[in-house]
Amino acid sequence: MADTQQVDPKAERKAAKLAHQISAFAKAHGGAEGQVAYIGERGARIVLVGEDGGWGDLVAPTYAIAEQAVQKAGITVHEFFDGEFAAKVKTGPYEWKRMAGIQIGG
Numbered sequence: 001m002a003d004t005q006q007v008d009p010k011a012e013r014k015a016a017k018l019a020h021q022i023s024a025f026a027k028a029h030g031g032a033e034g035q036v037a038y039i040g041e042r043g044a045r046i047v048l049v050g051e052d053g054g055w056g057d058l059v060a061p062t063y064a065i066a067e068q069a070v071q072k073a074g075i076t077v078h079e080f081f082d083g084e085f086a087a088k089v090k091t092g093p094y095e096w097k098r099m100a101g102i103q104i105g106g
């Protein structure tokens, strides 16, 4: 018997939409790499880092959809957000001010 796999059209559409957003980010930032992290019942977070150091993130309803989206977008995916990958992120005054505010209760 043939092995049949059911495809959820809603999940396919969501993965395609996320892949489009990832591709647009990559185009705007000279390329991109990413990392997918499970965030519990909420789903999975896709962290994107552009070649220019710009960064952003997206949330997928499930880890499987997130994995499908990054695969469709064709970006390099890191298993961990380690030091080497994190060093590619460029932060500006806003991020430093925001991080300092969190530390002092702001």
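Read in this note's numbering, the sequence shown has 106 at position 106, and its numbers run on one by one without any break.
Even glycine gets a Cβ: it sits at the ideal position worked out from N, Cα and C.
Contacts around residue i, its chain only, beta-carbon distance under 7 Å, and the 5 residues preceding and following it disregarded
i: G30; result: G50, E51, D52
i: I75; result: I22, A26, A32, E33, G34
i: A11; result: I65
Assigned secondary structure, residue i (DSSP; H/G/I helix, E/B strand, else coil)
i: E67; result: helix
i: H20; result: helix
i: K119; result: Since the first and last residues shown for the chain are 1 and 106, residue 119 lies out of range.
i: K90; result: coil
Close-in-space but distant-in-sequence residues of the same chain around residue i (CB under 6 Å, 5 per side omitted)
i: I39; result: R45
N-terminal and C-terminal residue of the alpha helix (DSSP H) that residue i is part of
i: E33; result: Where E33 is concerned, there is no enclosing alpha helix (DSSP H), although the beta strand (DSSP E) it sits in stretches over 32-38.
i: A86; result: 83-86
Pick from the options that is closest to residue i, judged by C-alpha positions
i: A86; options: P93, T62, A32, A60; result: A32
i: L18; options: D57, E79, E41; result: D57
i: V7; options: A60, I65, Y94, K90; result: I65
i: R13; options: A69, G54, T91, G83; result: A69
i: E79; options: K90, E67, V89, T62; result: E67
N-terminal and C-terminal residue of the beta strand (DSSP E) that residue i is part of
i: V59; result: 55-60
i: R45; result: 44-50
i: T76; result: 76-78
Cut-off 8 Å between Cβ atoms - residues of its own chain near residue i, not counting five sequence neighbours on either side
i: F81; result: Q35, A37, V47
Residue-level contact to chain B via CB, residue i, 7 Å cutoff
i: A60; result: Here chain B cannot be found, since the structure has a single protein chain.
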